[in-house]
Every structure is written in C-alpha cells, then in structure tokens.
Amino acid sequence: GSESSFEQHKEACKGDARFICKAESCGKRFKSKDALKKHKGSVHAGSARRKLTCTICNRKCASTLNLQEHRKIHEIYE
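In the UniProt record's numbering, the protein residues as written are 1 to 78.
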C-alpha cells in the first residue's frame with residue numbers, strides 16, 4: 001500500500017526537526033532548542049526521582065504523560 005499523505009508530511013518535517021530528545025528513549029524531534037527544553041521540562045522533569053509503573057506490564061515511566069502514552073499500546077490488545 002502507499003503511504004498516507006500524513007505519513008509523508010511527517011517524514012518531510014523530520015528534516016527541520018534537528019533537536020532530538022534523548023531522555024528515556026523518547027526520541028521526539030523539535031525544530032528549536034527552546035521547544036526541546038520546554039518538552040523536557042514538562043514531560044521528563046523529575047525522571048531521576050520519580051518512577052511510575054504500568055500496572056499491566058510493570059514498565060517504569062518518568063512522568064504521568066509518558067505512562068499515559070505507554071498505556072496506549074495495551075489498548076489495542078484489550
């Protein structure tokens with residue numbers, strides 16, 4: 001099958017997003033250092049101090065947002 005136009009758009013935008021979050025295998029990309037800094041502060045803040053655990057697979061996440069994103073992988077199997 002052919003790639004959706006949204007997938008093509010995402011790939012095209014990756015070239016502009018050269019700042020990569022390296023926290024907790026996140027890998028999200030940002031177009032500016034400030035955007036990356038804001039992301040790290042809101043999503044990964046306190047990752048060394050606090051660990052949240054998935055009640056389904058026991059994976060540890062650094063923030064509530066990360067845990068919510070992670071839990072989505074289980075929804076397709078429920």
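Note that CB positions come from ideal geometry on N, CA and C, so glycine has one too.
Coil, strand or helix - residue i by DSSP
| i | result |
| --- | --- |
| Gly1 | Caution applies to Gly1, whose pLDDT of 46 falls short of 50 and renders its modelled position unreliable; the value that the coordinates give is listed next. Gly1 falls in the coil class under three-state DSSP. |
| Lys33 | helix |
| His44 | coil |
Reference residue i; option with closest CA among the options
| i | options | result |
| --- | --- | --- |
| Ile20 | Glu7, Cys57, Lys37 | Lys37 |
| Ser63 | Thr53, Cys57, Lys72 | Thr53 |
| Glu75 | Lys60, Thr55, Cys61 | Thr55 |
| Gly41 | Arg71, Cys57, Leu65, Ser4 | Leu65 |
| Glu24 | Lys72, Gln68, Ser32, Cys61 | Cys61 |
Residues that residue i bridges to, as DSSP identifies them
| i | result |
| --- | --- |
| Phe19 | Phe30 |
| Cys61 | Leu52 |
Residue i, enclosing alpha helix (DSSP H) - first and last residue
| i | result |
| --- | --- |
| Lys51 | Per DSSP, Lys51 belongs to no alpha helix (DSSP H) and is neither H nor E. |
| Glu69 | 64-75 |
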